[in-house]
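Engineer: A single structure is presented below for examination.
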Amino acid sequence: MRPVSFPALQLKSLRKTFGSTVAVEGMDLVVPQGALYGVIGPNGAGKTTMIRMIMSILFPDSGELSVLGRGSALEAKDRIGYLPEERGVYRKMKVAAFLVYLARLKGVGREDALTRLPTLLSEIGLQGVEEKRCEDLSKGMLQRVQFLAAVIHKPDLIILDEPFSGQDPVSVRILRDRILAEHRRGATVLLSTHVMAHAEEMCQHVVMIHQGRKVLDEPSAGLRRQFDPTTIHFEALDVAADRRRLAVVPGVGRVEGTDGAFRVTVAPGADPSDVMARLAAAVPPARIELARLRLEDVFVRIVTGSADQDADRALRASLAEGSEGVPA
Amino acid sequence: MTVDIRRVGLVAGREFIAAVMNKGFVIGLLLMPAIVAALFVVFPRVVSTRAQGVRGEVAVIDPTGQVAGSLGESLSKDAIARRRLDSMKRVLESTPEAFRTMAGGSEAALERAVGTPPELTIVDRQSGADLQAAKDWLTAPAAPGGMRHLALIVVQPDAITRSDGHSEYGSYELYVPENLDDRLETEFYDAMRDAIVSARIRARSLDRAEVEAVMQVRRAASVTVTAGAERQTNRIFNQALPWVFGGLLIFGVMIGGQTLLTQTIEEKSNRVVEVLLSAVSPTELMAGKVLGQMAVSMLVLALYIGMGLFVLMSVALIGLLDPMLIVYLVLFFLVSYLLFSAVYAAIGAAVNEMREAQSLMTPLILALMAPWVFAPIIGREPNSTFAIVMSFLPPVNTFAMMIRLASTTPPPLWQVALTLIVGLAAAVVTIWFAGKVFKVGLLMHGKAPDMRTLVRWAKQA
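Spelled out as structure tokens, the structure:
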């Protein structure tokens, strides 16, 4: 049994500047053991800088951090798996040789690594590539090889910087499953992404970073409560249903839409579940659901306060899937 | 920070395998001996230093009336062949037996030396002939089917008998057309010397064979006497030795250093470096890389030294080589490699691509090339002030000392020790500085750094 007396990761008032640019400021973070944390924020928010400080690749100007109970990741290297944002392979090396090399650097015996390899490769959809040179693999396949390099030594803490960037949907799904499997194995996972949907789908806890500062640190479940949605999607069974019959339901603020499909805004103070029950009673529904809370919405609301329409749109665009942009 | 030897070993192992299991490396490894072999074995066989199979006429204006006749004799095919044979014999006498064998044996060498001598016809102009007309003859095109006009020789009147009041003999003038093979010109000089000397000796009623015998003193092969042993001195060997050992030292450093540079740049540009840094510290990475390439260099040096020893053994010259020199070579290699490789690694980590490395490499290349320049100076006077100063001046001190050690008058032991100590100290300082640059540079992408940037990084780390 692993002792659980200390968190997997603890940052205290971390600060890092590059020249006159403040990359990370006043960063506090506690990641308990066995957690699955998502760090989200647009490109350039400071995610990679924070992760590099956790990995002791960069050193903070001020502040403290502990990793797996040690003062520095350097003292626990073999127990950490790291997929950097800037990741590559030895192009001329064979896949098996590359992975075994990294496993051995992480303290795994050669025989051990060779035994683990076939299973790991087939789990990630790369069976039979052992003897191929890295340069002969597609980009998506290489990214999966790189992910394996981060987990081949069964680390206690896995840190993934933008693990999904540049991946096709199939690779994203495979990777997501493998990350969740590692988490089930008991590893603490911290992943960063600028694509909100990825964090939303899989993380138990979300940390939002904007311009080097932490703007949110909440369990995903709590988020839903804190940012209770106030919009209900309502589709009437009868396409010709009258909008006004919904508008008069108590607790309804505003109703938009035509042809039996409506967006109903809940009035301030009203309970969305009561309102939904009353709406269903007033007009027979084909479908009725609370609008899903999107991290993107939360993030944009926190950062811009929804006041500035242009900033709002720009930020949304940078958080949408597929917008790669320049890596932070 | 602690350095994990196991990780350093793993990095070194990968570095070694990646360098050695490379087609370019194997080709490069074989290329060097191939070039040397080509120079010593193939080249002399293919390239003749003798004019071959030329036919033509040589005009002579001879006021003395005593030279033209002998010249016909001296320029005859037989005489040319005999002179070539004699000079080759002299070369062969001063060549160790084994090299003669390597060059294809004495007989073959002599045969090659003679080759096909030119066929020359002497046209004796009258002594009062018009010089200008004779020169015109030289430039006039040969008649169809006729022979080429190759030279006009004008013998000076006092070439055989000194004119009154002069202590020196006269000589001759040689006029040749454009584009005359200069090897043919050499034949004319030799023949004229021969003809005039014969004529002068005849004029004094002496016997040429007797005079030559009087002039002849066989050169002795000197014997080097060391404490307790004597060995045949070989001048060529002694002169070549400092070059060879200095060269091996430079070559060894460059092989490892260059590969270190390219492999570090590759790791940085293909972004594998941050993956590595999650497993090893920059210090471990650099140490592993430096040691891995050191093993590559040592392998190459061992192969070349082995080949050299084999050649020396097969030509029975192995006794001329002091085995301590090889020990010193290894020692000095280690010291200079550590210094230079640290710089190579730092440059590799600092730049984004090979092109950017060029400007930073210039001082390094100069430092490596300097020994080539001063090798002959030190080789000739191994204990001159210049040589001594160079032996204590990093980063060239190790090369200078290696050249001195390989020379005929090796330096005192305390100087060797001091060179090693100074070299090691310089290596430590360089590694310390380079290590800092390496650490910071690895994750820096973007603008190509200059020297000032590197110093700033070193301060920052």
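First to last, the protein sequences are chains A and B. Take the first sequence: its letter number 240 is residue 239 in numbering that gives the first Met the number 0, and every next letter is one higher. Take the second sequence: its letter number 40 is residue 39 in numbering that gives the first Met the number 0, and every next letter is one higher. Where a beta carbon is used, it is the ideal one built from N, C-alpha and C, also for glycine.
#1: Could you pull out every residue in the same chain whose Cβ sits closer than 8 angstroms to the Cβ of residue 367 of chain B, ignoring the five residues on either side in sequence?
#2: Please classify residue 165 of chain B: is it buried, with 16 or more other beta-carbons within 10 angstroms of its beta-carbon, or exposed?
#3: Express the C-alpha separation of residue 400 of chain B and residue 415 of chain B in angstroms, rounding to a whole number.
#4: Roughly how many whole angstroms lie between the Cα atoms of residue 175 of chain A and residue 183 of chain A?
#5: For the segment 324-331 of chain B against the segment 348-364 of chain B, do three or more pairs of beta-carbon atoms, one drawn from each stretch, fall closer than 8 angstroms, so that the two count as touching?
#6: Rounded to whole angstroms, what's the CA-CA distance from residue 121 of chain B to residue 162 of chain B? Just pull it up for me.
#7: Three-state secondary structure (DSSP) at residue 384 of chain B?
#8: Residues in its own chain within less than 7 angstroms of residue 430 of chain B by CB, not counting five upstream and five downstream?
#9: Quick one, are the C-beta atoms of residue 50 of chain A and residue 158 of chain A less than 9 angstroms apart?
#10: Mind pulling the chain A residues with CB within less than 7 angstroms of residue 278 of chain B?
#11: Taking C-beta pairs closer than 9 angstroms, name the residues in chain A that residue 274 of chain B reaches, listed in chain order.
#12: Consider the Cβ of residue 351 of chain B: report whether some Cβ of chain A lies at a distance smaller than 9 angstroms.
#13: For the alpha helix (DSSP H) containing residue 288 of chain B, name the first residue and the last one.
#14: Looking at the secondary structure, which residues open and close the alpha helix (DSSP H) in which residue 187 of chain A lies?
#15: Near residue 3 of chain B, which residues of its chain fall below 7 angstroms by C-beta distance, leaving aside the five closest residues on each side in sequence?
#16: Quick one: what does DSSP say residue 197 of chain A is sitting in, helix, strand or coil?
#17: How far does the beta strand (DSSP E) with residue 69 of chain A in it extend, from its first residue to its last?
#18: For the beta strand (DSSP E) containing residue 55 of chain B, name the first residue and the last one.
#19: What residues are listed by DSSP as bridge partners for residue 221 of chain B?
#20: Could you say which of A:30, A:63, A:98 lies nearest to residue 88 of chain A if we only look at CA atoms?
#21: At a Cβ cut of 7 angstroms, what residues of the segment 39-60 of chain A count as close to chain B, listed as they run along the chain?
#22: Could you have a look at residue 200 of chain B and say whether DSSP puts it in helix, strand or coil?
#23: Is residue 9 of chain A helix, strand or coil when you go by DSSP?
#24: Below 8 angstroms on the Cβ atoms is my guess for residue 53 of chain A versus residue 66 of chain A; work out the distance and round it to an integer in Å.
#25: CA-CA distance, residue 207 of chain A and residue 213 of chain A?
#26: I believe residue 393 of chain B touches residue 349 of chain B by the beta-carbon criterion, under 8 angstroms. Please report the beta-carbon distance rounded to the nearest angstrom.
#27: Take residue 270 of chain B as the anchor and find which of A:86, A:29, A:20, A:216 has the nearest alpha-carbon.
#28: With residue 36 of chain A as the anchor, note down where its beta strand (DSSP E) starts and where it stops.
#29: Could you pull out every unbroken beta strand (DSSP E) segment of at least 3 residues lying fully inside the segment 397-448 of chain B, listed in chain order?
#30: Could you check how far apart the C-beta atoms of residue 22 of chain A and residue 45 of chain A are, in whole angstroms? I think they sit under 8 angstroms.
#31: Show which residues of chain B have a CB atom less than 7 angstroms away from the CB atom of residue 10 of chain A.
#32: Taking CB distances under 9 angstroms as the criterion, tell me whether residue 28 of chain A reaches chain B.
#33: Grab the span of the beta strand (DSSP E) containing residue 122 of chain B for me, first residue to last.
#34: Report the residue from A:25, A:36, A:237, A:122 whose alpha carbon sits nearest the alpha carbon of residue 64 of chain A.
#35: Given 8 angstroms as the limit, is there contact between the segment 134-148 of chain B and the segment 170-177 of chain B, that is, 3 or more CB pairs closer than that?
#36: Any Cβ of chain B within less than 9 angstroms of the Cβ of residue 92 of chain A?
Structural biologist: Straight from the coordinates:
#1: One-based indexing of the second sequence puts residue 367 of chain B at position 368. For residue 367 of chain B, where only same-chain residues beyond five positions count, the Cβ hits under 8 angstroms are 249, 252, 253, 339.
#2: Here residue 165 of chain B corresponds to residue number 166 of the second sequence, with the count starting at 1. When all chains shown are included, residue 165 of chain B counts as exposed.
#3: Here residue 415 of chain B refers to the residue found at position 416 of the second sequence. Here residue 400 of chain B refers to the residue found at position 401 of the second sequence. One alpha carbon belongs to residue 415 of chain B, the other to residue 400 of chain B, and they sit about 7 angstroms apart.
#4: The residue labelled residue 175 of chain A in the question sits at position 176 within the first sequence. The residue labelled residue 183 of chain A in the question sits at position 184 within the first sequence. Roughly 12 angstroms between the two C-alpha positions.
#5: Flag = no, the segment 324-331 of chain B and the segment 348-364 of chain B do not touch.
#6: Working through the second sequence from its first residue, we reach residue 121 of chain B at position 122. Working through the second sequence from its first residue, we reach residue 162 of chain B at position 163. So the two alpha carbons sit approximately 27 angstroms from each other.
#7: The residue labelled residue 384 of chain B in the question sits at position 385 within the second sequence. Helix at residue 384 of chain B.
#8: Here the question's residue 430 of chain B lines up with position 431 in the second sequence. 337, 341.
#9: By 1-based counting over the first sequence, the position of residue 50 of chain A is 51. By 1-based counting over the first sequence, the position of residue 158 of chain A is 159. Going by C-beta atoms, residue 50 of chain A is nearer than 9 angstroms to residue 158 of chain A.
#10: Along the second sequence, read from residue 1 onward, the residue named residue 278 of chain B stands at position 279. Near residue 278 of chain B (Cβ distances below 7 angstroms), the residues of chain A are 76, 101, 104, 105.
#11: Taking the first residue of the second sequence as position 1, residue 274 of chain B is located at position 275. Near residue 274 of chain B (Cβ distances below 9 angstroms), the residues of chain A are 81, 82, 83, 85, 86, 87, 88, 101, 145, 148, 149.
#12: For the purposes of this step, residue 351 of chain B is taken as residue 352 along the second sequence, with counting starting at 1. No - not a single Cβ of chain A is within 9 angstroms of the one on residue 351 of chain B.
#13: Along the second sequence, read from residue 1 onward, the residue named residue 288 of chain B stands at position 289. Its alpha helix (DSSP H) spans residues 281-313.
#14: As a first step, residue 187 of chain A is located in the first sequence; it is residue number 188 there, counting from the start. Unbroken run through residue 187 of chain A is the beta strand (DSSP E), 187-192; no alpha helix (DSSP H).
#15: Numbered from 1 along the second sequence, position 4 holds the residue referred to as residue 3 of chain B. So the qualifying residues of the chain are 283.
#16: In the first sequence, the residue the question calls residue 197 of chain A occupies position 198. Helix at residue 197 of chain A.
#17: Taking the first sequence and counting its residues from 1, one reaches residue 69 of chain A at position 70. It is not in any beta strand (DSSP E) - residue 69 of chain A carries neither H nor E in the DSSP assignment.
#18: Along the second sequence, one-based indexing puts residue 55 of chain B at 56. Where residue 55 of chain B is concerned, the enclosing beta strand (DSSP E) stretches over 54-60.
#19: Translated into positions along the second sequence, residue 221 of chain B becomes position 222. DSSP lists no partner for residue 221 of chain B.
#20: The count along the first sequence starts at 1 and reaches residue 88 of chain A at position 89. Looking at A:30, A:63, A:98, the one whose alpha-carbon comes closest to that of residue 88 of chain A is A:98.
#21: 54, 56
#22: Counted from its first residue, the second sequence places residue 200 of chain B at position 201. Under the three-state reduction of DSSP output, residue 200 of chain B falls in the helix class.
#23: The count along the first sequence starts at 1 and reaches residue 9 of chain A at position 10. Three-state DSSP puts residue 9 of chain A in a strand.
#24: As a position in the first sequence, residue 53 of chain A is number 54, starting the count at 1. As a position in the first sequence, residue 66 of chain A is number 67, starting the count at 1. Residue 53 of chain A to residue 66 of chain A, Cβ: 6 angstroms. Contact.
#25: Counting from 1 along the first sequence, the entry for residue 207 of chain A is found at position 208. Counting from 1 along the first sequence, the entry for residue 213 of chain A is found at position 214. Distance between the alpha carbons of residue 207 of chain A and residue 213 of chain A: 6 angstroms.
#26: For this step, residue 393 of chain B is matched to residue 394 along the second sequence. For this step, residue 349 of chain B is matched to residue 350 along the second sequence. That pair is no contact at about 21 angstroms.
#27: Taking the first residue of the second sequence as 1, we reach residue 270 of chain B at position 271. Residue 270 of chain B has its Cα closest to that of A:86, out of A:86, A:29, A:20, A:216.
#28: Numbered from 1 along the first sequence, position 37 holds the residue referred to as residue 36 of chain A. Where residue 36 of chain A is concerned, the enclosing beta strand (DSSP E) stretches over 35-39.
#29: Whole beta strand (DSSP E) segments, 3+ residues: zero.
#30: Walking along the first sequence from the start, residue 22 of chain A turns up at place 23. Walking along the first sequence from the start, residue 45 of chain A turns up at place 46. That belief holds up - the Cβ atoms of residue 22 of chain A and residue 45 of chain A are roughly 5 angstroms apart, short of 8 angstroms.
#31: Residue mapping note: residue 10 of chain A aligns to position 11 of the first sequence, counting from 1. The contacting residues do not exist; residue 10 of chain A stays about 18 angstroms from chain B at best.
#32: The residue given as residue 28 of chain A occupies position 29 in the first sequence. No, its Cβ sits nowhere closer than 9 angstroms to a Cβ of chain B.
#33: Numbered from its first residue, the second sequence carries residue 122 of chain B at position 123. Where residue 122 of chain B is concerned, the enclosing beta strand (DSSP E) stretches over 118-124.
#34: Taking the first sequence and counting its residues from 1, the one referred to as residue 64 of chain A is at position 65. Here the closest residue by C-alpha is A:25.
#35: Judged by pairs of C-beta atoms under 8 angstroms, the segment 134-148 of chain B touches the segment 170-177 of chain B, as three or more such pairs exist.
#36: The residue you call residue 92 of chain A lines up with position 93 of the first sequence. Yes, residue 92 of chain A lies at the interface with chain B (some Cβ there is under 9 angstroms from its Cβ).
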